[in-house]
Amino acid sequence: MLELHDITAGYGPITVLRGITLRVDEGGAVCVLGPNGAGKTTLLRTIVGLLPAAGGEVRFLGRRVTGLRPSEIVRRGISLVPERRELFPHLSVRENLALGAYVRGRDPSVADDLERVFGLFPRLRERLRQQAATLSGGEQQMLAIGRALMARPRLLLLDEPSLGLSPLLVQEMFRAVGTIRAQGTAVLLVEQNAHMALTVADRGYVLESGRVVLEDASENLRTLTILRDAYLGQV
Amino acid sequence: MTGPAAARLALLLTLGALLLAPLWLPPYHHYVLTLILLNVITVVGLALVMGFTGLVSLGHAGFVAIGAYATVLLTRAGLSYWMALPAGVLLSGCIGYLIGLPALRLQPLYLATVTWGFGQSVWLIALNWVSLTNGQNGLKMAAPALAGRPLAPEDLYWPVLAVAVGGLLAAYRVTKTRPGRALMALRESEVAAMTLGVSARAYKTLAFALSAIYAGSAGGLYVGVVRYINPDNFPFHVSLLYVTMAVVGGMGSLAGAVVGATMLTGLPELLRGFVEYRELIGGVLLLAFLVFVPHGLVGIFGPRIRASHRVPMPPQAAGVPAPSGPVASGDGRSPGPGTAARAEWLRITEVTKTFGGVVALDQVSLVVAPHTIHGLIGPNGSGKTTLFNVVTRLEEPDGGAITLGEHDLLSCPADRLAALGIARTFQNLEVFPRLTVLENVLVGMHARLPVTMTSAVLGTPASRRAEAEARAEALRWLAFVGFQGDPAVPVGTLPFARQRAIELARALAVRPRLLLLDEPSAGLTFGEVEELARVIRRIRDELGTTVILVAHTMRLVFGLCETVTVLDHGIKIAEGSPLEVRRHPEVIRAYLGPSELPATASGGAT
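Order-wise, the sequence lines are chains R and P. Number 98 in the numbering used here belongs to position 98 of the first sequence; there are no gaps in the numbering. Convert by adding 1000 to the 1-based position in the second sequence; the result is the number in the numbering used here.
Put into structure tokens, the structure is as follows:
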């Protein structure tokens, strides 16, 4: 459903992505691993149009989306959960979620999706009136994912959802990602917790210096020694 | 020709042209040039406040007026112009200091209001205190004399030029050294600047006073040229014009101040025919620039010049020895470096902190042995960061005691802790994004660098040496944390994890004996966590620093720490060796989770 062909992108004179080709299948889950500075966040930003691609093409559901505005890309069904969550700190949990559904206008099914988010993260229902800034780190991450789901995406991009979470919450978070996928939303996941990421995803890409250096099924990647040393540790 | 060399040549040519200006410029243009230089003086001072501290002053015409009126009144009282001028400047600086003292505690918007009120007051006083200022009719001043000979108005060009060039040089020196970095650091993150020893109030007030001195000089020199003043010279829109000049040229840059003042003084004067449209043109320009060129004229060309100022990193990569050896000690207030090795226990006794009705810390006691790595773990929202904030004095506890050695930390303000050798990093990262990598680390040395505002302005040899040594040391700290990149780029342009490394280098630059690390491993890959573990171990072993480590990466915590404390809902639920803590049923229930995965359970970060 998502196809990247030879994408290059960067900031000003600095090239970060040097020819990325990548694909996510309908309903699939793909993870992107790699050291810091490899271009993982830049990759997600380029897909959703926050950063213009300098070269190459992004196709979604068979149509070219390169060069479209971020709002149009959301409308077509891609939502990003950014690395630093980027919530609206002074708005309530309810308002944050409502804004997630902004592109859908007065769609009556928005209320159903609110229930779906609460099904995934019951904690959010308890905190409905609370300001987003006063939530704990784990709850903020839940809200960020919930807000992205409110746009009813066909593809969800997650940038390090486990960042700063306790081991227990990391497990909860990945369980939720698994559920989202099981409900039919495809997932593209950037993650440092390679172990967890490869458990959830069925395929993985390894990025280094803006290039894809490895691409394989998750179970194959997990057995590779190079990967073990850099990302997985001794199992 | 390289960038810096070209810039230097351009600067020399400009200076040469200015020196020869009286020879080739027609008298009227020469007069306009003098006005331009006067505005350059004021706007450079304003840029110090606006660009470098992020505060807006809408009352700078008031300071110009004070400098001008004081000079005129003192000469009329019999003083020579050359005595009256510095006295007026001093008066303007003192009033700036007094205004700044209470006003700078306010939010920027209120400060703008207060300064606006100040400017209005000065104008109203000049208008209505007729016995002193002669009101609307204004005051005349005798021509300034030199060696008994009265000077022509155009002769005043020389002192004006000297003050403009000198003022620009002084401002440049301030911005490139310790006091300027402190100001910029306050603008970028007041919290982080405070934990590094920058006193917010002292620095902002000082900057405001300095900028009042610039404005006062321009005022005093202006009357030397025109020999007559009345309140109409200093209405509100003049203050606004100064702000416009700073914005159009480019906020946060001295070159911008020069360009803005030159353009907005020169153009209307040279287009005299449009005099009645001057304010309209100014307003439209301001709007246009704010909308289309928010970084000003200099912002368009600046990056290209900046890119050529590269600082080479020392060739070593990770594994370099820790910076050591004699470093200039602070200004007598700090206990100086080398204290890192002193063995001192951190004792936190029954500390409680509540936010509203929520108990964030409930009678937490903790003892940290010197030269150890002490782990602090617990669920999100369990109070770990609050404990850090209480220890670093960013939050006031409701009760309890905290001591480091014989120092009672609760009697210390936050900005004195760096001098005591306490440094920290932040969970959500508090770097100074618009400062370069190198400047970020240099702010870490603030508490022990013997460069004051005065010695920076004068550019004394001692201050230059201290700055050069500090730069070299900062590069070594960057190498220590394994930073391999260009230290001259703004930190905000770097990826998250690299910003983290710079924040760590900045904390190390404090030369702490106690270092608090708040989730330094978040967002790092397995390999990068290994590297971080090595660095933290070296911090303890080679620098003798005591480390308290908050992290959710269990490999790191269990592999490094001698002792681990576990918090849950503000209560200490477990403490002991990593092995004891990992098996503690409460810890598994509240934090680790039952299905702990092999990767997180293996624990061997060695």
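Even for Gly, the Cβ is constructed at its ideal location relative to N, Cα and C. Quick caveat: nothing in here was measured; it's all calculated off a predicted structure.
Three-state secondary structure (DSSP) at Leu-1561 of chain P? Per the sequence presented here, residue 1561 of chain P reads as Cys, with Leu not at that position. Of the three classes helix, strand and coil, the one that applies to Cys-1561 of chain P here is coil, per DSSP.
Under 8 Å between beta-carbons, which chain R residues line up against His-1552 of chain P? List them in chain order, please. Gly-164, Leu-165, Ser-166, Pro-167 and Val-170
Spatial neighbours of Thr-42 of chain R within its chain, please: C-beta separation below 7 Å, excluding the five flanking residues on both sides. Ala-9, Val-16, Leu-17 and Leu-51
Is the number of C-beta pairs between the segment 1249-1256 of chain P and the segment 1046-1055 of chain P that are closer than 8 Å three or more? yes
Environment of Glu-219 of chain R [buried if 16+ CB atoms lie within 10 Å]: Classification of Glu-219 of chain R: exposed, given that the 10 Å Cβ count is below 16.
Using a beta-carbon distance below 8 Å, is Glu-83 of chain R in contact with chain P? With respect to chain P, the C-beta atom of Glu-83 of chain R has a partner C-beta closer than 8 Å.
Please classify Leu-158 of chain R as buried or exposed, where buried requires at least 16 other C-beta atoms within 10 Å of its C-beta. The residue is buried, with at least 16 neighbouring Cβ atoms inside 10 Å.
On the premise that Arg-127 of chain R lies in contact with Glu-139 of chain R, defined as a C-beta separation below 8 Å, what is that separation, rounded to the nearest angstrom? 6 Å
With DSSP collapsed to three states, give me the class of Gly-137 of chain R. helix
My assumption, with CB atoms under 8 Å, is that Ala-1447 of chain P sits in contact with Leu-1196 of chain P. Please give the rounded CB distance. 7 Å
Could you give the first and the last residue of the continuous alpha helix (DSSP H) run that contains Ser-1455 of chain P? First-last of the alpha helix (DSSP H) with Ser-1455 of chain P: 1453-1458.
Hey, Val-980 of chain P and Val-1364 of chain P: beta-carbon distance below 8 Å or not? The requested residue 980 of chain P is not part of the displayed model; chain P covers only 1001 to 1606.
So with Cβ pairs under 8 Å, would you call Glu-1528 of chain P a contact of chain R? yes
Please state whether DSSP places Cys-1094 of chain P in a helix, a strand or coil. helix
Report the rounded CA-to-CA distance for Ala-1209 of chain P versus Leu-189 of chain R, giving the unit in angstroms. 53 Å
Excluding sequence positions up to five away, which residues of its chain have a Cβ less than 6 Å from the Cβ of Ala-1112 of chain P? Val-1056 and Leu-1058
Does chain R have any CB closer than 8 Å to the CB of Pro-1433 of chain P? no
Starting from Ile-35 of chain R, find everything on chain P with Cβ-Cβ shorter than 8 Å and list it in chain order. The question names Ile, but residue 35 of chain R is Pro in the sequence shown. Neighbours of Pro-35 of chain R across chain P, judged by C-beta separation under 8 Å: Thr-1525, Gly-1527 and Glu-1528.
Determine whether the beta carbon atoms of Val-1663 of chain P and Gly-1062 of chain P lie at a separation below 8 Å. The shown model of chain P, from 1001 to 1606, leaves out residue 1663 of chain P, and the question about it has no answer.
Does the segment 1144-1154 of chain P touch the segment 1421-1440 of chain P, meaning 3 or more C-beta pairs lie closer than 8 Å? Put simply, the segment 1421-1440 of chain P does not touch the segment 1144-1154 of chain P. Fewer than three CB pairs are less than 8 Å apart.
Chain-ordered chain P contacts of Gln-130 of chain R [CB-CB under 9 Å]: Those do not exist, as Gln-130 of chain R stays about 12 Å from chain P at its closest Cβ, beyond 9 Å.
Select from the segment 129-159 of chain R all residues with a C-beta closer than 7 Å to any C-beta belonging to chain P, and list them in chain order. Ser-136, Gly-137 and Gly-138
Could you confirm whether any beta carbon from chain R is found closer than 8 Å to the beta carbon of Tyr-1242 of chain P? Output row for Tyr-1242 of chain P: interface = no.
Sub-8 Å separation of Thr-1175 of chain P and Tyr-1097 of chain P beta-carbons: It is not a contact, given that the beta carbons lie outside the stated cut-off.
Answer with yes or no whether the minimum CB distance from Gly-1381 of chain P to chain R is below 8 Å. yes
Thinking just about the alpha-carbon of each residue, which of P:Leu-1560, P:Glu-1575 and P:Arg-1555 is nearest to the one in Ser-166 of chain R? The alpha carbon of Ser-166 of chain R has as its nearest neighbour, out of P:Leu-1560, P:Glu-1575 and P:Arg-1555, the alpha carbon of P:Arg-1555.
Pull out every residue of the segment 185-214 of chain R whose Cβ sits closer than 9 Å to any Cβ of chain P, in chain order. Gln-192, Asn-193, Ala-194, His-195, Met-196 and Thr-199
Name the chain P residues that come within less than 9 Å of Thr-41 of chain R, Cβ to Cβ? Pro-1495 and Phe-1496
Check the Cβ of Ala-1522 of chain P against every Cβ in chain R and list those closer than 8 Å, keeping chain order. Leu-163 and Gly-164
Chain-order list of residues whose beta-carbon lies under 7 Å from that of Val-48 of chain R (same chain, five-residue window excluded): Pro-70, Ile-73, Ile-78, Leu-80 and Leu-157
Taking a contact to mean a Cβ-Cβ separation below 8 Å, would you say Asp-113 of chain R touches Met-150 of chain R in this structure? yes
Could you compute how far the alpha carbon of Thr-1454 of chain P sits from the alpha carbon of Val-1198 of chain P? Rounded to whole angstroms, Thr-1454 of chain P to Val-1198 of chain P spans 16 Å at the Cα level.
Would a check of beta-carbon distances place Tyr-11 of chain R closer than 8 Å to chain P? When Cβ-Cβ separations below 8 Å define contact, Tyr-11 of chain R makes contact with chain P.
Let me see if you follow: with CB-CB separation under 8 Å, is Glu-1519 of chain P close to chain R or not? Closer than 8 Å to some Cβ of chain R, the Cβ of Glu-1519 of chain P qualifies, so yes.
Going by other Cβ atoms of all chains shown within 10 Å of its Cβ, with 16 needed for buried, is Ile-145 of chain R buried or exposed? buried
Bridge partners - Thr-1354 of chain P, DSSP secondary structure assignment: P:Val-1359
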